[in-house]
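Residue 189 in our numbering is what sits at position 189 of the sequence shown, and the numbering runs on without skipping anything.
We put the beta carbon where it would ideally sit given N, CA and C, even for glycine.
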Amino acid sequence: MFTLERMIDEHVCLYEKLAENAEKKSYVPPEGKVALPASYSKPEYEYLLSAIVSTYNSERFLRDCLDDLERQTIADKLEIIVVNSGSQENEEAIVREYQQSHNNIVYIKTEHREGVYAAWNWAVKAVRGKFITNANTDDRHREDALEIMAKTLLANPDVALVYGDQICTDTPNGTFANHHATEIAKRPEYSQGRLLFGCCVGS
Numbered sequence: 001m002f003t004l005e006r007m008i009d010e011h012v013c014l015y016e017k018l019a020e021n022a023e024k025k026s027y028v029p030p031e032g033k034v035a036l037p038a039s040y041s042k043p044e045y046e047y048l049l050s051a052i053v054s055t056y057n058s059e060r061f062l063r064d065c066l067d068d069l070e071r072q073t074i075a076d077k078l079e080i081i082v083v084n085s086g087s088q089e090n091e092e093a094i095v096r097e098y099q100q101s102h103n104n105i106v107y108i109k110t111e112h113r114e115g116v117y118a119a120w121n122w123a124v125k126a127v128r129g130k131f132i133t134n135a136n137t138d139d140r141h142r143e144d145a146l147e148i149m150a151k152t153l154l155a156n157p158d159v160a161l162v163y164g165d166q167i168c169t170d171t172p173n174g175t176f177a178n179h180h181a182t183e184i185a186k187r188p189e190y191s192q193g194r195l196l197f198g199c200c201v202g203s
């Protein structure tokens, strides 16, 4: 989960530094935080959090994914943006059904198959939440997971990104409370350098 403005500012600075030192090939990204411009001000938001769900041929997971998000303890402050990236399955009918009873669900459909990051970018343009997270269709959360992360960002305005450990399971559409764990993915402490060479923050 992250706040878009700080992530943009920090990583623009990082990439500028990398460009300046491209020929040296020995640049180590700074571990310190990058200050926001003095003139920076945050806009008002309609939601505390926007969850981006990209779907492609994942009809079998989508209902439980949406149920999982709507069960979150901050569901009343949560926007769900589903991006259908040219799927050949029937995700659209499922989303339209859920929209009848949940006014926090936004549906975007692309004309052609796009990669997950291109799909996320479509959603980022539409978000109305202060914070943004992705929710893969086969991911399931503890019911207070998003609340814990959002409260952490609210309590620490100098922090741009939060994440947690993960439980891997072989139980399709299992819940956080009902699953068979096959692995615990312990995520390392964040650093800009580590993130450049791998997704240390998980999925």
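N134 is a Cβ neighbour of I52, given a cutoff of 9 Å. The continuous beta strand (DSSP E) containing Y47 extends over residues 47-55. If the five residues before and after N84 are omitted, its C-beta is found closer than 8 Å to the C-beta atoms of T55, Y56, E91, E92, V95, Y107, I108, K109, T110, all from its own chain and listed in chain order. Distance from the CA atom of R63 to the CA atom of L146, rounded to whole angstroms, is 19 Å. Taking 3 residues as the minimum length, the beta strand (DSSP E) runs contained wholly in the stretch 90-167 are 105-110, 129-134, in order along the chain. Going by DSSP, E70 is part of the alpha helix (DSSP H) stretching over 59-70.
Within the same chain, and ignoring the five residues on either side of S58 in sequence, the residues whose Cβ sits closer than 6 Å to its Cβ are T137. S50 is a Cβ neighbour of V127, given a cutoff of 9 Å. When the alpha-carbon of S101 is set against those of E70, F131, E46, the nearest one is in E70.
The Cβ atoms of K77 and Y98 lie no closer than 9 Å to each other. In this structure, G86 and E44 do not form a Cβ contact; the two beta carbons are roughly 34 Å apart against a cut-off of 8 Å.
Per DSSP, the continuous beta strand (DSSP E) segment holding I80 begins and ends at 78-85.
Cβ neighbours of F61 within its own chain (closer than 6 Å, five residues either side excluded): T137, D138.
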